[in-house]
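Same order as they appear, the protein sequences are chains A and B.
So the first sequence is residues 463 to 1035, counted in our numbering.
So the second sequence is residues -6 to 117, counted in our numbering.
Virtual Cβ for every residue (Gly too), placed ideally from N, Cα, C.
Here the structure is laid out as structure tokens; the discussion comes afterwards.
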Amino acid sequence: MKLRWPRCGQFLSLCGGGESGELNISKRYRCLRRSLLFIMLLLTMAPLSLVAGLSFYRYQKLTQFEAENNIRWHAESACRSLEVFLDRLKDSLVVVAGTHVLPGLVAPERLDRLFADLKNKHPGLVDLSIIAPDGVQVAYAGPYNLRGKNYLETPWYNRALTRKAFVSEVFFGFRNVPHFVVAVTKKEADGYWLLRASIDTDTLDQFLFSISTELAEDIFLIDQEGQLQTSSRHYGRVHDTFPLAAGRRGKKEVSVIEKRYEGKELLQAVGTVQGTPWLLVLEQKNVADRSAWLSFRNQLLLIFVVTVVAAILIVVRISQVIAGRVREADETREKMLAETEHTNKLASVGRLAAGVAHEINNPLAIINEKAGLMKDLLQLGTEFSGREKFLQQLSGLEDAVKRARVITHRLLGFARRMESTMEKVQINEVLGEVMGFLDKEAMYRDIRIRLDLQPDLPVVESDRGQMQQIFLNIINNAIDAIGKNGNIDITTRQVSPRAVLVEISDDGPGIPEELIQNIFEPFFTTKRDSEKPGTGLGLAITYGLVKKLGGEVSVASGVGEGTTFSISFPLKG
Amino acid sequence: MATIPILIIDDEQDFAATLAERLQLRHFAARAVGGADEAMALMQGGWRPAVVIVDLKMPGLDGIETLGLIKQHDPTIEVILLTGQGSTTAGIEGMHKGLFDYLMKPVDIGELIAKIEQAAKKGN
Chain A
463 MKLRWPRCGQ FLSLCGGGES GELNISKRYR CLRRSLLFIM LLLTMAPLSL VAGLSFYRYQ
523 KLTQFEAENN IRWHAESACR SLEVFLDRLK DSLVVVAGTH VLPGLVAPER LDRLFADLKN
583 KHPGLVDLSI IAPDGVQVAY AGPYNLRGKN YLETPWYNRA LTRKAFVSEV FFGFRNVPHF
643 VVAVTKKEAD GYWLLRASID TDTLDQFLFS ISTELAEDIF LIDQEGQLQT SSRHYGRVHD
703 TFPLAAGRRG KKEVSVIEKR YEGKELLQAV GTVQGTPWLL VLEQKNVADR SAWLSFRNQL
763 LLIFVVTVVA AILIVVRISQ VIAGRVREAD ETREKMLAET EHTNKLASVG RLAAGVAHEI
823 NNPLAIINEK AGLMKDLLQL GTEFSGREKF LQQLSGLEDA VKRARVITHR LLGFARRMES
883 TMEKVQINEV LGEVMGFLDK EAMYRDIRIR LDLQPDLPVV ESDRGQMQQI FLNIINNAID
943 AIGKNGNIDI TTRQVSPRAV LVEISDDGPG IPEELIQNIF EPFFTTKRDS EKPGTGLGLA
1003 ITYGLVKKLG GEVSVASGVG EGTTFSISFP LKG
Chain B
-6 MATIPILIID DEQDFAATLA ERLQLRHFAA RAVGGADEAM ALMQGGWRPA VVIVDLKMPG
54 LDGIETLGLI KQHDPTIEVI LLTGQGSTTA GIEGMHKGLF DYLMKPVDIG ELIAKIEQAA
114 KKGN
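Pasting the structure below:
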């Protein structure tokens, strides 16, 4: 049977041209499956990836915002704590300066007492001294011998004179130890004098350490030029340079930037410590290294991967099912087209056969009559030499005409499309009638015909004569196939509320697979070389008749396994 | 048994003449003509065949139309349709118009004679 290329809509057209052949068809259905897979994956993966990406981005932004707020708050708190620490010291010094006059304070024992009192309140204090309006340190209480030192040329002294209370940058001073001073000024008759207290940067380091949190990677002070005022884990010791961007100086609010240090993502906050020349720098781990973020990222990734795998499995299955259904539908359509084509072919061949048979029958009739007349004349006439020979030749001619007549009559039988006379028919009875024709033939050939007929088989509405012809053709074929000594099994049964099935099986040699597909074609015969050659019309007629009666006929056979014809008839024609 | 007069109408003159001759050899009074006009002229001339064998497809009037004319002329004349066509439609139509039977070409002479005798018997 001719295989036609099946069409399955737009998807198949994506898969190239329309060549025929089983291999190509399989390839194109695979291509259809792949196209479906791709489109469905795109439709599922795109929104899924978009949602996952958006969630990732939004959560990252949120966490980043929270982390920035967190470090900003910590930096502001640290600045405020430092301001409070220094304000308390400044206040103490302001009170001392306010309640004393210069001559009273210069007395050594008085300053020592005051220093002891202040050290109790502010343990980080190193020393306490008084600098007279001429810049000379006139009194000193503390562990060093700095009395008499002149500060007139030091930068911090001149700046301190301009303010009521002053905090200096960190410097090394006469002691060559990093420290800063807190000084208050008081005006008397001789001019401004200073009450000065020194604090080592170790005290600042300890203070900063005490106010830092576990998240803090580094916390330190710098001056407005970026010079370190306390030691830093990342940027070195006092007076080393910290890279401070110009835009971050002199701002009241805390500025936060992202930074990378030794492969770590950091957030860096810089805030101004009010009332001092300092900026506080706080560095914390950034969001990317935080466990909450990592946990969220891992969970999101896991959910995404699981969903993607599940979606792929489902999409693969769905695309397989859809491609399978499309193929099934195409094959059904193809089968129906092939059957229609076959029926049309039968009709065309039938019309052709009728025309040919008619045209041949007339000259055949003339030959028949002429030969007959010659025979008649010879039989009536007198003896002459060769008369018997003539008679023999004429008999041969008549036999040839008879053979030709059989063929033309069969052709006409094939073409004859008599209107069916529908009546109530009991198929078991029809089979019984057909057996009446074939019993003797089967007996001569030692073929046993076994009937297994459903006793209460419903009657069908059909054409009795045509049904007889169908059974006669198939059983005759079975007898011819067996030749001698074999079995034919005939069964009838109702297979559905609307159909009855007749199966005719023989244990003959069977039909090779490559011939089965042509078995219902007109003029196709397997008996061309046998003793009783076939015309190739029997099964084509049978096929046409079954179709005409609204039934279906199929054949199952294999070499050495016999052949089974299954014919189904509708209960209502 | 009296000789049965038979008229063969067929445009295939060769066939008609040969068949007539064969029937004559078998003691039938057979005559052959090429069409309906000739046949009607013969019958209207006074010759009455007991059985008419007519071809279905002929130029001019076909076998069924000729049957109608014959039956109109003499309903007792039996007509056998001889056709090379497989269609039985014409045969069934002919039966409705009084056709005795129809046979297919090429026909066996024995079979034809049997039909002629049955027809003649019915006609009598």
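If you measure between the beta carbons of residue i and residue j, is that distance less than 8 Å?
i                       : j                       : result
residue 803 of chain A  : residue 12 of chain B   : no
residue 51 of chain B   : residue 76 of chain B   : no
residue 1003 of chain A : residue 1013 of chain A : no
residue 44 of chain B   : residue 60 of chain B   : no
residue 967 of chain A  : residue 942 of chain A  : no
residue 781 of chain A  : residue 495 of chain A  : yes
residue 688 of chain A  : residue 545 of chain A  : no
residue 965 of chain A  : residue 1025 of chain A : no
residue 568 of chain A  : residue 601 of chain A  : yes
residue 573 of chain A  : residue 580 of chain A  : no
residue 21 of chain B   : residue 827 of chain A  : no
residue 673 of chain A  : residue 753 of chain A  : no
residue 32 of chain B   : residue 2 of chain B    : yes
residue 102 of chain B  : residue 834 of chain A  : yes
Output the distance between the C-alpha atoms of residue i and residue j, rounded to the nearest integer angstrom.
i                       : j                      : result
residue 746 of chain A  : residue 719 of chain A : 11 Å
residue 4 of chain B    : residue 28 of chain B  : 6 Å
residue 669 of chain A  : residue 541 of chain A : 11 Å
residue 822 of chain A  : residue 870 of chain A : 8 Å
residue 618 of chain A  : residue 607 of chain A : 20 Å
residue 48 of chain B   : residue 23 of chain B  : 15 Å
residue 1033 of chain A : residue 962 of chain A : 7 Å
residue 958 of chain A  : residue 923 of chain A : 15 Å
residue -4 of chain B   : residue 109 of chain B : 12 Å
residue 564 of chain A  : residue 592 of chain A : 8 Å
residue 729 of chain A  : residue 570 of chain A : 50 Å
residue 776 of chain A  : residue 770 of chain A : 10 Å
residue 613 of chain A  : residue 532 of chain A : 43 Å
residue 756 of chain A  : residue 743 of chain A : 26 Å
residue 874 of chain A  : residue 866 of chain A : 12 Å
residue 62 of chain B   : residue 36 of chain B  : 11 Å
residue 556 of chain A  : residue 582 of chain A : 17 Å
residue 548 of chain A  : residue 554 of chain A : 10 Å
residue 1023 of chain A : residue 792 of chain A : 31 Å
residue 816 of chain A  : residue 100 of chain B : 18 Å
residue 838 of chain A  : residue 851 of chain A : 14 Å
residue 116 of chain B  : residue 888 of chain A : 40 Å
residue 499 of chain A  : residue 784 of chain A : 10 Å
residue 649 of chain A  : residue 528 of chain A : 50 Å
residue 624 of chain A  : residue 651 of chain A : 17 Å
When burial is assigned at 16 or more other CB atoms within 10 Å of the CB, is residue i buried or exposed?
i                       : result
residue 960 of chain A  : exposed
residue 691 of chain A  : buried
residue 631 of chain A  : buried
residue 56 of chain B   : buried
residue 85 of chain B   : exposed
residue 663 of chain A  : buried
residue 95 of chain B   : buried
residue 1005 of chain A : buried
residue 975 of chain A  : exposed
residue 620 of chain A  : exposed
residue 508 of chain A  : exposed
In chain order, what residues of the same chain have a beta carbon less than 6 Å from the beta carbon of residue i, not counting five sequence neighbours either side?
i                      : result
residue 759 of chain A : none
residue 915 of chain A : 890 and 954
residue 717 of chain A : 710 and 732
residue 628 of chain A : 622 and 645
residue 514 of chain A : 766
residue 584 of chain A : 551
Might you give, ordered along the chain, the residues of its own chain that have their beta carbon closer than 7 Å to the beta carbon of residue i, omitting 5 neighbours on each side?
i                      : result
residue 946 of chain A : 907 and 908
residue 637 of chain A : 606
residue 701 of chain A : 689 and 690
residue 934 of chain A : 896 and 899
Who are the near neighbours of residue i in its chain, counting only those whose CB is closer than 8 Å to its CB and skipping five residues on each side?
i                      : result
residue 722 of chain A : 728
residue 787 of chain A : none
residue 739 of chain A : 629, 630, 631, 685 and 686
residue 904 of chain A : 910, 911, 941 and 950
Would you list, in chain order, the members of the stretch 97 to 110 of chain B that have their beta-carbon closer than 9 Å to a beta-carbon of chain A?
97, 98, 99, 100, 101 and 102
Taking any Cβ of chain A, which residues in the stretch 1 to 21 of chain B have a Cβ under 7 Å from it, in chain order?
5, 7, 8, 11, 12, 14, 15 and 18
With 8 Å as the C-beta to C-beta threshold (strictly closer), list the residues of the stretch 830 to 863 of chain A near chain B in chain order.
830, 831, 832, 834, 835, 838, 839, 842 and 863
Residues of the stretch 816 to 828 of chain A with a CB closer than 7 Å to any CB of chain B: list them in chain order, please.
816, 819, 820, 823, 824, 826, 827 and 828
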